Structures are given as structure tokens and as C-alpha cells.
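Numbering (my numbering), first residue to last: 21 to 112. All C-beta atoms in this analysis are idealised placements derived from N, C-alpha and C, irrespective of residue type, glycine included. Nothing here was measured: the structure is a model prediction, and the numbers come from that model.
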């Protein structure tokens with residue numbers, strides 16, 4: 021999947037069982053693998069949060085890539101269950 025940001029306030033993502041999630045480091049412009057501990061929850065800020073907090077919390081640029089060569093999960097399907105959190109349209 022190509023790098024992208026989510027339009028929501030934030031996205032909650034249970035730590036995946038196989039590697040592949042990467043986030044773009046805005047300072048170096050390099051992709052970093054996200055190795056979250058099992059049982060943890062990853063929080064990606066979205067475009068709404070970026071705008072609401074005047075760019076103090078930038079929208080997380082992220083992507084998913086295949087696991088590295090030699091990884092046991094390289095040929096298994098990767099499943100994730102993100103939960104996007106939005107604000108009501110009339111929220112002030």
C-alpha cells in the first residue's frame with residue numbers, strides 16, 4: 021500500500037501479528053518499521069487532529085509493506101482491524 025494519511029481525528033490499530041506497518045519520519049523523510057509490542061494499540065493522528073490542533077499533531081503518514089525477506093510470515097495474509105474516530109460535522 022502506498023504512503024497515505026487518514027482523514028479522521030485518529031485511528032486506533034491493534035498491534036499487528038506480522039510486520040509490515042511503517043511510518044514516515046517527518047524529520048528525515050525515511051520510512052521506519054513500527055514494531056509495537058503484542059497487545060498494544062497504535063494511535064495514528066489524522067487530518068482532523070492536525071487541523072484541530074494547528075499542526076501541533078501532524079497527520080501520520082504510513083504504509084504497509086511485505087515482511088522482510090526470510091521472515092516466516094512473508095507469504096501469509098496480513099489482517100488488520102483499524103478503528104477510525106471522527107467528529108460530528110456540527111462539532112465546534
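Closest to residue 33 by CA distance: which of 77, 78, 76 and 65 is it?
65
Tell me which residues share the same chain as residue 53 and place their Cβ nearer than 6 Å to its Cβ, disregarding the 5 neighbours each side in the sequence.
42
Beta-carbon contacts of residue 63 that lie in its chain and below 7 Å, excluding the five residues immediately before and after:
30 and 32
From the DSSP output, in three-state form, read off residue 72 for me.
helix
In its own chain, which residues sit with a C-beta less than 8 Å from the C-beta of residue 61, not counting the 5 before and 5 after it?
32, 33, 34 and 35
Do residue 68 and residue 107 have their C-beta atoms closer together than 8 Å?
yes
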